[in-house]
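Have a look at the structure below before the remarks.
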Amino acid sequence: MVNFVIIFINICEVEINGTVIRIEKDYFVSESESRNIYRCTLKGKFKKDFHMKKDKQYALDIAVVGDFVEFTPNDAKSGVIHKILPRNNYISRKAPKIKGSGYRGERLEQVISANIDRLVIVSSIFEPVFNYRVIDRFLVAAESSHIESIIVLNKMDLDQARLAEEFIAAYREIGYTVIPASIIDKRGIKEIKEEVRNKKTIFWGQSGVGKSSLINALYPNLNLGTGEISSFNQKGKHTTVTSTMIPTEEGTYIIDTPGIREIDPFGIQKQDLGHYFIDFLPYINACKFSTCTHNHEPGCAVEQAVNDEKIFDFRYESYLRLLETIEQDILF
Ligand SMILES: Nc1nc2c(ncn2[C@@H]2O[C@H](COP(=O)(O)OP(=O)(O)OP(=O)(O)O)[C@@H](O)[C@H]2O)c(=O)[nH]1
Ligand SMILES: [Mg+2]
Ligand SMILES: [Zn+2]
Numbered sequence: 100m101v102n103f104v105i106i107f108i109n110i111c112e113v114e115i116n117g118t119v120i121r122i123e124k125d126y127f128v129s130e131s132e133s134r135n136i137y138r139c140t141l142k143g144k145f146k147k148d149f150h151m152k153k154d155k156q157y158a159l160d161i162a163v164v165g166d167f168v169e170f171t172p173n174d175a176k177s178g179v180i181h182k183i184l185p186r187n188n189y190i191s192r193k194a195p196k197i198k199g200s201g202y203r204g205e206r207l208e209q210v211i212s213a214n215i216d217r218l219v220i221v222s223s224i225f226e227p228v229f230n231y232r233v234i235d236r237f238l239v240a241a242e243s244s245h246i247e248s249i250i251v252l253n254k255m256d257l258d259q260a261r262l263a264e265e266f267i268a269a270y271r272e273i274g275y276t277v278i279p280a281s282i283i284d285k286r287g288i289k290e291i292k293e294e295v296r297n298k299k300t301i302f303w304g305q306s307g308v309g310k311s312s313l314i315n316a317l318y319p320n321l322n323l324g325t326g327e328i329s330s331f332n333q334k335g336k337h338t339t340v341t342s343t344m345i346p347t348e349e350g351t352y353i354i355d356t357p358g359i360r361e362i363d364p365f366g367i368q369k370q371d372l373g374h375y376f377i378d379f380l381p382y383i384n385a386c387k388f389s390t391c392t393h394n395h396e397p398g399c400a401v402e403q404a405v406n407d408e409k410i411f412d413f414r415y416e417s418y419l420r421l422l423e424t425i426e427q428d429i430l431f
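Residue 237 in this note's numbering is what sits at position 138 of the sequence shown, and the numbering runs on without skipping anything.
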């Protein structure tokens, strides 16, 4: 009994370093370095820090999956986070309109995950149908956060007409790793496993593309919930509802995320957008104006490169569409 009390007092005094692996309502489930799981709450001071101020953009997410934290345990299973360490990096998007609308309709930043090594952009050829504009938006989010990304094109078993080939070749030519995959015929699974080994990797993409299915195929004992084909694309239906970091093997962590309906990269100014299209980079400095947005300005070297077929038409089209949606926001 005495021993037990002493151990308990020790636990209470110790501050534990951990990582947020899942968020459940107001609880930040954290894993300690010795791999124990604690359901933690946040110390009240954080809420005040992040309270919306009139003159300041505020973040929606105080702690996110992947954050390194320090917490004081209440007991062997719960604790209070009193410190969130500075993030090495993070990936985010503009929060969906309704949830994040602040004053004057600005969109807030929704941080998806922090301290990650790699983003796997998951897309499918059908159900939902392939859309390069969506991929380009994820790529912009990754490039602007300086996070390495690869593209996994899933459900290749449905691509009887081999529609994907052209895009696979194009993205590879641009310089991205593209892995065609399928959980039905298992193609690509081994390659993805190699790509994620010894890293913290986040799987991100639209709902129903097969993120959880792919993770299950990589690690069959996980048994993550996956959606039915018939129901996944009905309005508002997401099978995975909260991001979860899953330790798989020593040094390898996978973050499964809920699918999203729209991806608007956050905090990008019009004249910077071109820098996140890596195929534009060799030409940008040759534009006549340093503030060129490559949108039909005179002397635009990017547009010239499109005309000379050095940049794919579809990438330029994606770029122009994204440019249109960027609000010139004084807060950025
Ligand atoms: N034909 C085929 N179907 C697949 C493949 N991968 C996944 N699916 C199906 O697609 C549906 C959606 O898969 P999920 O893994 O739940 O998709 P998700 O991306 O995790 O979806 P959210 O959790 O809602 O974001 C399920 O019915 C899967 O069986 C594939 O390679 N080929
Ligand atoms: Mg899922
Ligand atoms: Zn230009």
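All residues carry an ideal CB built from backbone N, CA and C; glycine is no exception.
These figures come from a predicted structure and were not determined experimentally.
Helix or strand or just coil, what does DSSP make of residue i?
{"i": "Y418", "result": "helix"}
{"i": "P195", "result": "coil"}
{"i": "Y189", "result": "strand"}
{"i": "A385", "result": "coil"}
{"i": "E265", "result": "helix"}
{"i": "A162", "result": "coil"}
{"i": "G350", "result": "coil"}
{"i": "A260", "result": "coil"}
{"i": "S133", "result": "coil"}
{"i": "F413", "result": "helix"}
{"i": "R206", "result": "coil"}
{"i": "I425", "result": "coil"}
Do you know how far the Cα of residue j is from the Cα of residue i?
{"i": "C386", "j": "D216", "result": "33 angstroms"}
{"i": "R138", "j": "R414", "result": "44 angstroms"}
{"i": "R121", "j": "T347", "result": "15 angstroms"}
{"i": "P227", "j": "R192", "result": "21 angstroms"}
{"i": "E378", "j": "N297", "result": "Note that residue 378 is Asp in the sequence shown, not Glu. Each residue's alpha carbon lies about 29 angstroms from the other."}
{"i": "G326", "j": "F411", "result": "35 angstroms"}
{"i": "E264", "j": "F127", "result": "42 angstroms"}
{"i": "D284", "j": "I291", "result": "14 angstroms"}
{"i": "D235", "j": "S212", "result": "19 angstroms"}
{"i": "L321", "j": "N315", "result": "6 angstroms"}
{"i": "A280", "j": "V308", "result": "11 angstroms"}
{"i": "K182", "j": "F170", "result": "7 angstroms"}
{"i": "N116", "j": "D174", "result": "15 angstroms"}
{"i": "R311", "j": "Y318", "result": "First, the amino acid is wrong: residue 311 is Ser here, not Arg. Those two C-alpha atoms are separated by around 10 angstroms."}
From the DSSP secondary-structure annotation, give me the bridge partner or partners of residue i.
{"i": "K176", "result": "Per DSSP, none; premise fails for K176."}
{"i": "K144", "result": "Paired residue(s): none; K144 is not in a bridge."}
{"i": "V277", "result": "I250"}
{"i": "D355", "result": "F302 and T343"}
For the alpha helix (DSSP H) containing residue i, name the first residue and the last one.
{"i": "E290", "result": "I288 to V295"}
{"i": "L184", "result": "Taken as a continuous stretch (DSSP letters only), L184 belongs to no alpha helix (DSSP H), as it is neither H nor E."}
Using a threshold of 6 angstroms, is the CB atom of residue i nearer than that to any non-hydrogen atom of ligand 4?
{"i": "H374", "result": "This structure lacks ligand 4; the ligands present are ligand 1, ligand 2 and ligand 3."}
For the beta strand (DSSP E) that contains residue i, what are its first and last residues?
{"i": "V119", "result": "I115 to E123"}
{"i": "R217", "result": "R217 to S223"}
Worksheet entry | Heavy atoms of ligand 3 versus C-beta positions, residues under 5 angstroms | C386, C391, H393, C399 and V401
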